[in-house]
Amino acid sequence: MSQKKVRVRFAPSPTGPLHIGGVRTALYNYLFAKKHGGDFILRIEDTDQTRFVPGAQQYIIDSFRWCGIEFNEGVTKGGPFGPYVQSERKDIYQKYCEQLIASGHAYYAFDTPEALDDLRKSFEAEKKTFTYNAEVRGQLNNSLNMSKEELNALLMSGTPYVVRFAMPEERIVVMNDLIRGKVEVNAKVLDDKVLFKSDGMPTYHLANIVDDHLMEISHVIRGEEWLPSLPLHVLLYEAFGWEAPEFAHLPLLLKPEGNGKLSKRDGDRLGFPVFPLEWKDPKSGDVSRGYREDGYFPEAFVNMLALLGWNPGTEQELFSMDELAEAFAIERVGKSGAKFDPAKAAWFNHQYLIHKTDEDLAELFLPLLQAKGYLAEPEYVAQVIGLVKERVNFVSELWDQVNFFFITPEEFDPQAIKKRWKADSFNQMTELRALLVGIEPFDAPHVEEVTKAWIEEKGYGMGVIMNAFRLIIVGALKGPHLFDIVSMIGQEETLNRMDRGLHEIGPKEA
RNA sequence: GGUCCGUUCGUCUAGUCAGGUCAGGACGCCAGGUUUUCAUCCUGGUAACACGGGUUCGAAUCCCGUACGGACUACCA
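Residue numbers (the numbering used here): -6 to 503.
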C-alpha cells in the first residue's frame, strides 16, 4: 500500500434509488477510510443527462444518513476539491480531453450512431465482432483520416462529434486488483471508447479518471461490473502521465434463488426490500419498499450487509460500526458473488432488537400501539415488551405478542378449550377466582406462591390448572409466564377476565 | 459470439497464498431436553470441497483442461 493519505470515494449517478449492492460498496469504502484514518468522499456522477431522476440524489444522501455512513467531503459537506457534482465540472474535463488529443492519445470521430449501428449489424451478420479499434479506425470517419483543414472545417460547421481514446494496437495491460490479484488483458480486443460525448459531456471513463486524480483518490473500491473497463482506466492514467490509484473490485450481490444480479423486481417478487429506504418512482408512482420501512434497525442492516461478502476470519458476527471499521480488511473480501438471504437478515435484526433496552423498544412501539387504538404508560409498555421481546424479530411483530396485555379477550380459542378445558376446570377456576380475590400484594412471585400452594394442597395437576388459567386470562395457549401476565394486568382485571371467561366458556359439555 | 471474473453444506462463510486435524462456524431446517402454553434457551442432527486429469507419500489447497454461473461488450454509469 502506498504511503499516500487514504482517500476513497463513492460516486453514484442519480438515476434512481440506491440498491443495497451500492450501499454495500459505499459501506466498504467508508470502513476502509475509517480503518486507515482516511477521507471518504461523495461525488455525484451525473454526466448522463438523459437518465437524471429528480429526488435520486437526496434519496442517496438520506440513505447514508440512515445507515450511519458519513462523508468527510462531497456534495453534502463541500471540501477543498469541489465542486463534487460532475455536471458542474464540464470545463475541467474539456481541458483534459484536449490535452489527450494534443498528445495523440485521443481523436475526433464523426461517425453517427446510426452508421455505427449499421456497421455492427453487418459485422454480426458475418459472425464477426465489430470493435472500433486500430484495425478499423483507419477506414472510419474520424480525424485520423483527414487533413487539418478538413477537420477544422467540420469542427467550425458544428458537425456533431465525439472524442475517442486511441487504444494501443498491441499491448498486454497488466493490472493489479486488491481482491483478485493480477489481471492481464490484451489491448487489441478493447475498443476506442468514447471519452467525450457530442452533447459536450464527458463519459464516465474520462470524468472518473480526471476526478479521481484531481481529488487525490488513493483507492478505487467499486463494483465488479467495472473490472472490464479497468484496462481502459489504467491506460488513461498512463496517457495523462498520472500515477494510478489502487483498485479493488467487489463481487456482486446475487438474487436469493437461482443466479443473476439482484434487481428491483426480485425484491417485489420475493417479498423483501432491495432498497435501504422506501422509494416512490416520480414517473410511474410505483412504490418500492425499504429496509427502514420494513422495520430493520440501521445497525442490523449495516451489520448484515457488511458480512455479505466480507468476514473478519473470526467467529464474531455482531459488529457495531466502529468494530466493523476496526476489523475491516479489503483483502478479506470474497471473490465470488453473495446471495442475499432474508432469513439471516431477520436474524440480525432480532439480535439487535433483544439487545435494545425495553424503554427504547417501548418508544418505538408506542406509536404502533396508538395506531391500534390503545394508550398506555411508557413504563407499563416497556415492562410488557421486556417479557416478550425474545420472541420477535421486528418491533412490528410485538403487537401479536402483547395484545392481551391491553385487550380483555373476547374469544377463546376453541382448539384450546377442547384440549385444556377439562371436566373439573369450571369448578377449579371458580375456586381459583375466589382465592385470587384475597391475594395481597398482587405481584407475580406472591401470586405464584399462593396459587401453587393451593394447587398442591388440593392435589390438582399443575398442568391442568395452569393451562385452564392461561386460557381464561389470555384467550389462547400462548404468551409469557402467566403470573407475570396477571400481575401486569392487575388484580381487578384478572378477576374481571375470570368472570368473563367462566361465563363464556362455561362448564365442559359432556 | 468475444473479453474478463468466479465456483466449499439450501444460504453466508472459515480453511487455499506458506499441500498433511472425522472440512469448522453462523442462518435455516429436523429431533430431543427444560417449561404451566407458545416462544426463548440448552443439547444433538442434517448437509459441501462443480467435474476430469496431472504433480505429490499425501490435494479443498498447486498445475492443466472441461462444465456451469456472472459481469462487460452504448455518444449508460
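Built from N, CA and C at the ideal position, the CB exists for glycine as well.
Fair warning: this is a prediction, and the values are worked out from it, not measured in the lab.
How is residue i classed by DSSP in three states: helix, strand or coil?
i           : result
residue 212 : strand
residue 396 : helix
residue 279 : coil
residue 331 : strand
residue 173 : coil
residue 367 : coil
residue 199 : helix
residue 194 : coil
residue 361 : helix
residue 181 : helix
residue 479 : helix
residue 239 : strand
residue 380 : helix
residue 460 : helix
residue 373 : helix
residue 388 : helix
residue 345 : helix
residue 246 : strand
residue 257 : helix
residue 273 : strand
residue 501 : coil
residue 135 : strand
residue 467 : helix
Can we count residue i as close to the ligand FMN, meaning its CB is less than 6 Å from some heavy atom?
i          : result
residue 24 : The ligand FMN is not among the ligands present in this structure, which contains no ligands whatsoever.
Can you find the residues in the same chain that come closer than 8 Å, C-beta to C-beta, to residue i, ignoring five residues on each side of it along the sequence?
i           : result
residue 426 : 488, 491, 492 and 495
residue 340 : 386
residue 7   : 37, 39, 45, 46, 49, 50 and 53
residue 428 : 443, 444 and 447
residue 192 : 42
residue 388 : 288, 346, 354, 357, 358 and 361
residue 464 : 405, 406, 409, 410, 413, 414, 470, 494 and 498
residue 63  : 23, 33 and 57
Taking 6 Å as the limit between beta carbons, can you name the residues of its chain near residue i, skipping five residues before and five after?
i           : result
residue 287 : 266
residue 343 : 386
residue 12  : 267
residue 10  : 52, 268 and 272
residue 330 : 244, 245 and 247
residue 293 : 341, 342 and 345
residue 28  : 318 and 321
residue 254 : 245
residue 125 : 184 and 185
residue 338 : 297
residue 369 : none
residue 375 : 351, 352 and 355
residue 213 : 238 and 240
Looking at the secondary structure, which residues open and close the alpha helix (DSSP H) in which residue i lies?
i           : result
residue 37  : Neither: residue 37 is in no alpha helix (DSSP H) and is coded neither H nor E.
residue 146 : 141 to 149
residue 318 : 314 to 320
residue 292 : 291 to 299
residue 95  : 83 to 95
residue 127 : Run containing residue 127: none; DSSP gives neither H nor E here.
residue 118 : 106 to 118
By the DSSP assignment, the beta strand (DSSP E) with residue i in it spans what residues?
i           : result
residue 157 : 155 to 158
residue 187 : 187 to 189
residue 230 : Where residue 230 is concerned, there is no enclosing beta strand (DSSP E), although the alpha helix (DSSP H) it sits in stretches over 223 to 233.
residue 101 : 99 to 102
Which residues in the same chain have their Cβ closer than 7 Å to the Cβ of residue i, if we skip the five residues on either side of it in sequence?
i           : result
residue 480 : 435, 436, 437 and 440
residue 190 : 155 and 196
residue 200 : 38, 40, 79 and 86
Which ranges would you report for the beta strand (DSSP E) in the region -4 to 73 if only whole runs of at least 3 residues count? 0 to 3 and 32 to 35
Mind listing, in chain order, the continuous alpha helix (DSSP H) runs of no fewer than 4 residues lying wholly within the region 395 to 448? 407 to 413 and 418 to 430
Contact the region 29 to 47 vs the region 297 to 308: 3+ CB pairs below 8 Å: no
Given 8 Å, three or more beta-carbon pairs between the region 371 to 383 and the region 400 to 411: no
Assess, as a yes-or-no matter, whether the region 460 to 480 is touched by the region 412 to 424 under the definition of 3 or more beta carbon pairs within less than 8 Å. yes
Cβ contact check for the region 223 to 242 and the region 155 to 167: 3 or more pairs under 8 Å: yes
Assess, as a yes-or-no matter, whether the region 63 to 81 is touched by the region 143 to 157 under the definition of 3 or more beta carbon pairs within less than 8 Å. no
State whether the region 175 to 183 contacts the region 117 to 131, with contact taken as three or more CB pairs (one from each stretch) at a distance under 8 Å. yes
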